[in-house]
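Chemist: Residue numbers (our numbering): 1140 to 1235. Input: one structure, supplied below.
Okay, structure coming up:
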């Protein structure tokens, strides 16, 4: 595996491929990091869909855009809370 910058909570990423009903170029926010056979991350997208990405999937599906300091303290507890936080418009998906 090639060397990569580990994504972390609060990072804004751009999709490189169509995924979960989102077009390439759509931004998402990393809401959780986990270790499961490597450094995985969970990302939520503007349509409310979310998924986990392994290290290999991060290389193939995601591109780092910037770090959003407002989101770096987000604590993922469960998907129900994540959905409520999304409905409460906690996440920002703006480009740049």
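Just so you know, even glycine gets a beta-carbon here, dropped at the ideal spot from N, CA and C.
When you compare the CB positions of residue 1203 and residue 1146, do they come within less than 8 Å of one another, or not?
Modeler: The residue given as residue 1203 occupies position 64 in the chain shown. The residue given as residue 1146 occupies position 7 in the chain shown. Yes. Within cutoff.
Chemist: For residue 1158, I'd like the list of residues in its chain whose CB is within less than 7 Å of its CB, leaving aside the five on either flank, ordered along the chain.
Modeler: As a first step, residue 1158 is located in the chain shown; it is residue number 19 there, counting from the start. Correct list, in chain order: 1200.
Chemist: Looking at residue 1232: is its Cβ nearer than 8 Å to the Cβ of residue 1191?
Modeler: Within the chain shown, residue 1232 is the residue found at index 93, counting from 1. Within the chain shown, residue 1191 is the residue found at index 52, counting from 1. No, these two residues do not count as a Cβ contact at 8 Å.
Chemist: Quick check: what's the CA-CA separation for residue 1154 versus residue 1212?
Modeler: Here residue 1154 is taken as the residue at index 15 of the chain shown, counted from 1. Here residue 1212 is taken as the residue at index 73 of the chain shown, counted from 1. Going from the Cα of residue 1154 to the Cα of residue 1212 covers about 23 Å.
Chemist: Who are residue 1189's beta bridge partners in DSSP?
Modeler: On the chain shown, residue 1189 is found 50 positions in, with the first residue counted as 1. Beta-bridge pairing links residue 1189 to 1183.
Chemist: Taking the Cβ atom as the reference point for each residue, do residue 1196 and residue 1160 lie within a distance shorter than 8 Å?
Modeler: Taking the chain shown and counting its residues from 1, the one referred to as residue 1196 is at position 57. Taking the chain shown and counting its residues from 1, the one referred to as residue 1160 is at position 21. No, these two residues do not count as a Cβ contact at 8 Å.
Chemist: In the structure shown, what three-state DSSP assignment does residue 1150 receive?
Modeler: Here residue 1150 refers to the residue found at position 11 when the chain shown is read from its first residue. Looking at residue 1150 - three-state DSSP - the assignment turns out to be strand.
Chemist: Can you tell me which of the three DSSP states residue 1170 falls into?
Modeler: One-based indexing of the chain shown puts residue 1170 at position 31. If DSSP states are grouped into helix, strand and coil, residue 1170 belongs with the strands.
Chemist: Would you mind giving the Cβ-Cβ distance between residue 1208 and residue 1164, rounded to the nearest angstrom? I have them listed as a contact below 8 Å.
Modeler: Walking along the chain shown from the start, residue 1208 turns up at place 69. Walking along the chain shown from the start, residue 1164 turns up at place 25. Contact flag wrong, Cβ pair sits at about 23 Å.
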